[in-house]
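To convert, count from 1 in the sequence shown and add 2; that's our numbering.
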Amino acid sequence: MQFTLSLLDILVWPLIVLILCALLRAPLVALLPQARKLKYKDFEMEFGEELKVASRDARQAFPELVSDRKAQLIAAVENLPNSAILGAWAEVEDAAETLLRRDNPDLSLSPDTPYKHMGELLVMGQRLDTAKGKLFTELRRLRNKVAHARDFQVGKAEAILYVELCFQLQCHLRGL
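Shown next as structure tokens:
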């Protein structure tokens, strides 16, 4: 009896971990693409930065992808309005960062609030006038609500308008 209890005591935690991994496999797999950094003991892996650079290079090599991207995001509004908003903001972010880095290759953005910092730099550098600076700020705020507020949902019409505004701002930034 003592042997059986000792064996159960040893095997219970690994068994519980395996059961939890099996039950949570689908949600964990769904979260994995959103991960930016994975760290376990001495093993560390960063995602996204290389993809961001490759995406920027692809947009420069194939400008027609930008217009296709807009159509894709507007189509995505039907089922995933919040995702379309995040994708549209990524286009503005890339254009703003490209413009800022072109003027200042050694640019260091605030890691806590990079988008706010970008907006301030664009307005201070007179790349955006007051109205466009306010638009940048409002688009950034809505993006932050979508990304960080729990259960925040945007309607389809608002999401389409957001995508349109993001691409207008992105076109302006790319034209500078």
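Beta carbons are placed, not taken as given, at the ideal position from N, Cα and C, and that holds for glycine. Predicted, not measured: the structure shown is a model, and the values here were computed from it.
Worksheet item: Taking buried to mean at least 16 other C-beta atoms within 10 Å of its own C-beta, is Gly127 buried or exposed?
Response: By the 10 Å Cβ count, Gly127 comes out exposed.
Worksheet entry | Proximity winner among Lys147, Leu171, Ala28 and Thr100, relative to Asp59 (alpha-carbon distances) | Closest option to Asp59, Cα to Cα, is Thr100.
Worksheet item: Using DSSP with H/G/I as helix, E/B as strand and the rest coil, what is Lys43?
Response: In the three-state scheme derived from DSSP, where H, G and I count as helix and E and B as strand, Lys43 is classed as coil.
Discussion item. On the CB-based measure, 16 or more other CB atoms within 10 Å of its CB, does Val19 come out buried or exposed?
Written reply: That one is exposed.
Worksheet item: So, is Gly121 buried or exposed, given that buried needs 16 or more other C-beta atoms within 10 angstroms?
Response: Residue environment: Gly121 is assigned as buried (16 or more neighbouring CB atoms within 10 Å of its CB, all protein chains considered).
Worksheet item: How is Asn106 classed by DSSP in three states: helix, strand or coil?
Response: Of the three classes helix, strand and coil, the one that applies to Asn106 here is coil, per DSSP.
Discussion item. Pop quiz: Leu88 and Arg145 are said to be a contact at Cβ under 8 Å. What is the actual Cβ separation, rounded to whole angstroms?
Written reply: For a cut-off of 8 Å, the C-beta gap from Leu88 to Arg145 is around 7 Å, short enough to register as a contact.
Worksheet item: Under three-state DSSP, which class holds Leu137?
Response: In the structure shown, Leu137 sits in a helix (DSSP, three-state: H, G or I).
Worksheet entry | For Phe154, the three-state DSSP class (helix, strand or coil) | In the three-state reduction of the DSSP assignment, Phe154 falls in the coil class, being assigned neither a helical nor a strand state.
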